[in-house]
Amino acid sequence: MLARRFSAPASFVLSVMGIELGWSSFGLSVPLVVTLLALSLSLGRRALPLAWFAVGLLNATVHPSSSFRPDPERPAVLSGRVTSEWRSEDRYHIAHFAVETIRQGSLWRLWRQKVYLALASSVRPPTNDQLQVKGYLRRVPPVSNGPPVDPGAWTFWVKAKAFVSATEIPRRRLGLEGSSRPFRTFIQSRFQLCDSCAESHGVALARALTLGEAKLLPYSWRPCLGRAGLSHLVALSGLHVGLLAALGWIVGAGLPTGFRTAVVATLVVLYLLMSGGRPSLIRAALMLLGGYGSLLLGRSPQPIHGLSCIATGMVLITPELVRDLGFLLTVSATAGILGLAPRLERACAGIRVPFKKPLSVTVAAQIATLPWALPVFHYVAPFSPLWNLAAVPWVTVILLISIVWLITLLVSPSLAGQLVPILDGLADPVVAICELSPRMFQVIPSHLGFWEVLLPIGLLTALLALTRFRWVLLTCSIALMLVSWRQRDPDPQLVLLDVGQGEAIILRDRNSALLIDGGGWRGADIAQKVLLPALSFLKIRRLDGAVLTHPDSDHCGGLIDLARYVDLPVVWTGPGWPRSSCIDQIATLPGSRLGALWSGESLEVGRWRIETIHPKAGEVARGNGQSLVLMASVMGKKVLLTGDIDADAERRLVVDAAESLSGVNILKLAHHGSKTSSSAPFLDRTQTSLALISCGLGNRYGHPALGVLRRLTKRGIPLLRTDRSGAVVLTFGKDTPIRIDLPGSPKPLRR
Numbered sequence: 086m087l088a089r090r091f092s093a094p095a096s097f098v099l100s101v102m103g104i105e106l107g108w109s110s111f112g113l114s115v116p117l118v119v120t121l122l123a124l125s126l127s128l129g130r131r132a133l134p135l136a137w138f139a140v141g142l143l144n145a146t147v148h149p150s151s152s153f154r155p156d157p158e159r160p161a162v163l164s165g166r167v168t169s170e171w172r173s174e175d176r177y178h179i180a181h182f183a184v185e186t187i188r189q190g191s192l193w194r195l196w197r198q199k200v201y202l203a204l205a206s207s208v209r210p211p212t213n214d215q216l217q218v219k220g221y222l223r224r225v226p227p228v229s230n231g232p233p234v235d236p237g238a239w240t241f242w243v244k245a246k247a248f249v250s251a252t253e254i255p256r257r258r259l260g261l262e263g264s265s266r267p268f269r270t271f272i273q274s275r276f277q278l279c280d281s282c283a284e285s286h287g288v289a290l291a292r293a294l295t296l297g298e299a300k301l302l303p304y305s306w307r308p309c310l311g312r313a314g315l316s317h318l319v320a321l322s323g324l325h326v327g328l329l330a331a332l333g334w335i336v337g338a339g340l341p342t343g344f345r346t347a348v349v350a351t352l353v354v355l356y357l358l359m360s361g362g363r364p365s366l367i368r369a370a371l372m373l374l375g376g377y378g379s380l381l382l383g384r385s386p387q388p389i390h391g392l393s394c395i396a397t398g399m400v401l402i403t404p405e406l407v408r409d410l411g412f413l414l415t416v417s418a419t420a421g422i423l424g425l426a427p428r429l430e431r432a433c434a435g436i437r438v439p440f441k442k443p444l445s446v447t448v449a450a451q452i453a454t455l456p457w458a459l460p461v462f463h464y465v466a467p468f469s470p471l472w473n474l475a476a477v478p479w480v481t482v483i484l485l486i487s488i489v490w491l492i493t494l495l496v497s498p499s500l501a502g503q504l505v506p507i508l509d510g511l512a513d514p515v516v517a518i519c520e521l522s523p524r525m526f527q528v529i530p531s532h533l534g535f536w537e538v539l540l541p542i543g544l545l546t547a548l549l550a551l552t553r554f555r556w557v558l559l560t561c562s563i564a565l566m567l568v569s570w571r572q573r574d575p576d577p578q579l580v581l582l583d584v585g586q587g588e589a590i591i592l593r594d595r596n597s598a599l600l601i602d603g604g605g606w607r608g609a610d611i612a613q614k615v616l617l618p619a620l621s622f623l624k625i626r627r628l629d630g631a632v633l634t635h636p637d638s639d640h641c642g643g644l645i646d647l648a649r650y651v652d653l654p655v656v657w658t659g660p661g662w663p664r665s666s667c668i669d670q671i672a673t674l675p676g677s678r679l680g681a682l683w684s685g686e687s688l689e690v691g692r693w694r695i696e697t698i699h700p701k702a703g704e705v706a707r708g709n710g711q712s713l714v715l716m717a718s719v720m721g722k723k724v725l726l727t728g729d730i731d732a733d734a735e736r737r738l739v740v741d742a743a744e745s746l747s748g749v750n751i752l753k754l755a756h757h758g759s760k761t762s763s764s765a766p767f768l769d770r771t772q773t774s775l776a777l778i779s780c781g782l783g784n785r786y787g788h789p790a791l792g793v794l795r796r797l798t799k800r801g802i803p804l805l806r807t808d809r810s811g812a813v814v815l816t817f818g819k820d821t822p823i824r825i826d827l828p829g830s831p832k833p834l835r836r
């Protein structure tokens, strides 16, 4: 009776808190309120608090506040704490740094951000966690290909020891993450005593599952898990807390319920200290302890109300969580499991489906997270629920074994080292997943914004809940799909993508598409951050293949990354290249094969005809001069794609392929506009009407070279460059001028 009386006030209080959160901090969106109110009514009274909390939460996501933007051209002084172990990369020592305050000139203010702190190699990493550092903030500007892409994380560069000093932060502001540092430091010291742990994939997986150190996993594992929809399994989540609770409940068998609950609570709190207190773990731990508390008080647990209270309290204490993707995903996934999964199961009551309940849970969690996940990752893994059905039991087993192994490590590192082969054997399924062809996963690039995802999910939920209006809602859903569906351009197109300092070109016509080079970033997945969003924006669902002009990392790396997500049936490259790491990786990619192109060979992609005019068959490849040079023709227009050839190769082309070079409409300048290419005789021979350059904003190579720009200006050749305009889309119509679109313009020109 008391619980019923408390339900209405709790709903009212949470509603007010959610509205206040959205109104005072971010500006309330009336359509959002109407949508969520309708959704909450369709779900029933128990979902009302969660829906009203979502009003504030979603407003924070859709209408982020105009936060302080530091000036990267001016030095800054940051105060904060180191939240990770130091690692050495190139000429720097790098660690995660949680900023508390920032000062630039006379301006001082709170600026709670997480940045990478990079100390020059001459600076010894300090032992104190609380620091004040002086240096420059830098972040990689976002590429501009049409779909919005967030810029990279801030990095704070410190050049000398004199700019680093210890400081004190009040203990109350350190939080759980700061309080867990001594525990994590002790654990790291035990790993250093285990000789066989450093090179073990099984140990890396165990550390990811127990300590959240997913960055220690092999680089190739991340896209493999992502395309199967299993990335959440190596991120700390409620699964870990639930297993620990079960373990504590078993250990406390025979004790009174109160003491048994205390054992569970102790294990969970110790795990939070050990793992650093991630938002997903705090949410799960509080819900678990709240459920136990309800049982001890003789009340029936209310998971939806508990989720609402806990999520609201966490946001009110730490408002930055509204922009934390991990927090948004854990709350939405839990809400989907609690609210949507039972309705999905009831909707399939008359259908014989194996594993109906767990399948409903995985499908509901995936649907609920789509509004946040899809605009960030730009792809859908439709078979993810099936992969999860198989993977969750395996992860449960390896997680329990990893916890036991970690305890063994703390007691005896030598004994833990002897057990490493067991962990390696348990990690073999991940290796097997990475060896499967992308055809087994059918990742679908998809470009949908937040609202475009949220509205269909709301209609689906209402469709499952409101039986009287089901046909009306179904009709609205179909109409929405028809309205949002856009016809792709029927004319052939060339797309010069903005991939930063690198190069990637797409030739497409109707349902056919060919990728020429794929860009490449060091230590980053360019496929997820650039290529998949671009393919989804262009509505390209599959590629006929790819061409690699030469195996430099800024042309080749993206092809390797992309081939882990989508099917690349064949990758063509020039003859005579020595076996490099890039060529070797492409040759061993699951589902892909290598093909060879040389002068005289041709390809067809839709109405595009692509002729190879350099190099000749049998030539031994030596550097950029042996890049593939392609002449792409369509609708009576000619586009010359020159790879990274140098001036010597251009001179040979002027002599050997003079006829092919005549009448070029579009010229993609070689080597990103380097001074070693785009020579005067070559430009005079092609007499192009438009030049294109792919280069990165503020690149350290000085591309494009001033001499190249002067030669273009002297000949009156207009120029489009990705560092200034973003992506360039050229559409070729029959008997019509070439249409130029710049979907990423205007592009921000500051770091």
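For the sequence shown, our numbering begins at 86 and goes up steadily by one. For every residue, glycine included, the Cβ atom is placed at its ideal position computed from N, Cα and C. Quick caveat: nothing in here was measured; it's all calculated off a predicted structure.
query = G708 and G643: beta carbons closer than 8 Å?
reply = Reading the sequence shown from its first residue, position 623 is the one you call residue 708. Reading the sequence shown from its first residue, position 558 is the one you call residue 643. No, Cβ-Cβ distance for G708 and G643 is not below 8 Å.
task = Decide if R257 is buried, meaning its Cβ has at least 16 other Cβ atoms within 10 Å, or exposed.
result = Stepping through the sequence shown from its first residue, residue 257 is reached at position 172. Bear in mind that the predicted position of R257 carries a pLDDT of just 45, short of 50, making it unreliable; the figure below should be weighed with that in mind. With fewer than 16 Cβ atoms within 10 Å of its Cβ, R257 is classed as exposed.
inquiry  = Residues in the same chain with beta-carbon distance under 8 Å from V225, minus the five sequence neighbours each way, listed in chain order, please.
reply    = Taking the sequence shown and counting its residues from 1, the one referred to as residue 225 is at position 140. Cβ neighbours of V225 beyond the five flanking positions: P236, G237, G585 and R836.
Backbone CA spacing between V354 and K244 [nearest angstrom] = For the purposes of this step, residue 354 is taken as the residue at position 269 of the sequence shown. For the purposes of this step, residue 244 is taken as the residue at position 159 of the sequence shown. Each residue's Cα considered, the two are about 39 Å apart.
ask   = Is it a yes or a no for the stretch 442–453 touching the stretch 417–425, going by three-plus beta-carbon pairs under 8 Å?
value = yes
key: From I529, F271 and T342, residue whose alpha carbon lies closest to that of Y464   = For this step, residue 464 is matched to residue 379 along the sequence shown. Looking at the Cα atoms, I529 is the closest of the given residues.
Own chain partners of A331 with C-beta closer than 8 Å, once the 5 adjacent residues on each side are dropped = In the sequence shown, residue 331 corresponds to position 246, counting from 1. There are no such residues.
task = Identify which residue in T270, A183 and R209 has its Cα closest to the Cα of R197.
result = Position 112 of the sequence shown holds residue 197. Comparing Cα-Cα distances from R197 to each of T270, A183 and R209, the minimum goes to A183.
ask   = Thinking C-alpha only, which one of A313, V461, T270 and R770 is nearest L533?
value = For this step, residue 533 is matched to residue 448 along the sequence shown. Out of A313, V461, T270 and R770, V461 has the C-alpha closest to the C-alpha of L533.
task = Could you tell me which residues DSSP puts in a beta bridge with P530?
result = Your numbering for residue 530 matches position 445 in the sequence shown. Answer by DSSP bridge pairing, in chain order: Y464.
message = P700 and G728 - do their beta-carbons sit closer together than 8 Å?
response = Against the sequence shown, residue 728 aligns to sequence position 643. Against the sequence shown, residue 700 aligns to sequence position 615. The answer is no: Cβ separation not under 8 Å.
ask   = Per DSSP, F241 is paired with what?
value = Reading the sequence shown from its first residue, position 156 is the one you call residue 241. Answer is L202 and L222, bridged to F241.
message = Here's the rule: buried if 16 or more other CB atoms are within 10 angstroms of the residue's CB, otherwise exposed. What is F767?
response = What you label residue 767 is simply residue 682 of the sequence shown in a count that begins at 1. F767 is buried by the Cβ-count criterion.
key: Helix, strand or coil at M720 according to DSSP, with G and I counted as helix   = As a position in the sequence shown, residue 720 is number 635, starting the count at 1. Looking at M720 - three-state DSSP - the assignment turns out to be coil, as it is neither helix nor strand.
message = According to DSSP, is H788 part of a helix, a strand, or is it coil?
response = The residue given as residue 788 occupies position 703 in the sequence shown. Three-state result, H788: coil.
message = Once DSSP output is grouped into helix, strand and coil, what is the label at D156?
response = Residue mapping note: residue 156 aligns to position 71 of the sequence shown, counting from 1. Of the three classes helix, strand and coil, the one that applies to D156 here is coil, per DSSP.
ask   = What number of angstroms, rounded off, separates the C-alpha of L582 from the C-alpha of S531?
value = Residue numbering aside, residue 582 sits at position 497 when the sequence shown is read from its first letter. Residue numbering aside, residue 531 sits at position 446 when the sequence shown is read from its first letter. Whole-angstrom Cα-Cα distance: 17 Å.
request  = Please confirm if the stretch 293–302 is in contact with the stretch 500–510, defined as three or more CB-CB distances below 8 Å between the two stretches.
outcome  = no
query = Leaving out five residues before and five after S745 in sequence, what residues of the same chain have Cβ atoms less than 6 Å from its Cβ?
reply = As a first step, residue 745 must be located in the sequence shown, where it is residue number 660. Excluding sequence neighbours, S745 sits near I698 and M716.
ask   = With respect to the alpha helix (DSSP H) encompassing S469, which residues constitute its N-terminal and C-terminal limits?
value = For the purposes of this step, residue 469 is identified with residue 384 of the sequence shown, where counting begins at 1. Start and end: S469 to V496.
inquiry  = Quick check on this structure: which residue in S621, V288 and G703 has the alpha carbon closest to the alpha carbon of I486?
reply    = In the sequence shown, the residue the question calls residue 486 occupies position 401. Comparing Cα positions, the closest option is V288.
query = To the nearest angstrom, how far is it from the Cα of Q527 to the Cα of V516?
reply = As a position in the sequence shown, residue 527 is number 442, starting the count at 1. As a position in the sequence shown, residue 516 is number 431, starting the count at 1. Rounded to the nearest angstrom, the two C-alpha atoms are 19 Å apart.
query = Should the stretch 794–803 be called in touch with the stretch 600–614, which here means at least 3 C-beta pairs below 8 Å?
reply = no
query = Can you give, in chain order, each stretch of the alpha helix (DSSP H) that sits fully within the stretch 417–462 and has at least 4 residues?
reply = 426–432 and 441–462
request  = Enumerate, from N- to C-terminal direction, the unbroken alpha helix (DSSP H) stretches of 4 or more residues contained entirely within the stretch 729–796.
outcome  = 732–741, 743–746 and 765–771
Span of the alpha helix (DSSP H) around F344 = Indexing the sequence shown from 1 puts residue 344 at position 259. Unbroken alpha helix (DSSP H) run through F344: T342 to S360.
ask   = Under the rule that 16 or more other beta-carbon atoms within 10 Å means buried, what is D652, buried or exposed?
value = By one-based count along the sequence shown, residue 652 stands at place 567. Buried is the call here.
CB contact flag (R806, K832, <8 Å) = In the sequence shown, residue 806 corresponds to position 721, counting from 1. In the sequence shown, residue 832 corresponds to position 747, counting from 1. It is not a contact, given that the beta carbons lie outside the stated cut-off.
request  = Output the distance between the C-alpha atoms of L296 and P267, rounded to the nearest integer angstrom.
outcome  = The residue you call residue 296 lines up with position 211 of the sequence shown. The residue you call residue 267 lines up with position 182 of the sequence shown. Taking the straight line joining both Cα atoms gives about 14 Å.
request  = Could you give the DSSP three-state label for V249: helix, strand or coil?
outcome  = By 1-based counting over the sequence shown, the position of residue 249 is 164. Of the three classes helix, strand and coil, the one that applies to V249 here is strand, per DSSP.
message = Suppose the cutoff is 6 Å on Cβ atoms and the five residues either side in sequence are ignored; what does the same chain contact list for I625 look like?
response = Working through the sequence shown from its first residue, we reach residue 625 at position 540. A598, listed in sequence order.
message = I'd like the span of the beta strand (DSSP E) that includes Q578, first residue to last.
response = Within the sequence shown, the letter at position 493 stands for residue 578. From DSSP, the beta strand (DSSP E) with Q578 extends over Q578 to L581.
task = State the start and end residues of the unbroken alpha helix (DSSP H) segment that holds L290.
result = Counted from its first residue, the sequence shown places residue 290 at position 205. Start and end: H286 to L296.
request  = Below 7 Å CB to CB, which residues in the same chain sit around P575 once its five sequence neighbours on both sides are set aside?
outcome  = In the sequence shown, counting from the first residue as 1, residue 575 sits at position 490. Result list for P575: R595, in chain order.
ask   = If L392 and V407 are in contact, beta carbons under 8 Å, what's the gap, nearest whole angstrom?
value = Taking the sequence shown and counting its residues from 1, one reaches residue 392 at position 307. Taking the sequence shown and counting its residues from 1, one reaches residue 407 at position 322. Their Cβ separation, rounded to whole angstroms, is 16 Å, which puts L392 and V407 out of contact at 8 Å.
Contact check, G680 vs W657, beta carbons under 8 Å = For the purposes of this step, residue 680 is taken as the residue at position 595 of the sequence shown. For the purposes of this step, residue 657 is taken as the residue at position 572 of the sequence shown. Going by C-beta atoms, G680 is nearer than 8 Å to W657.
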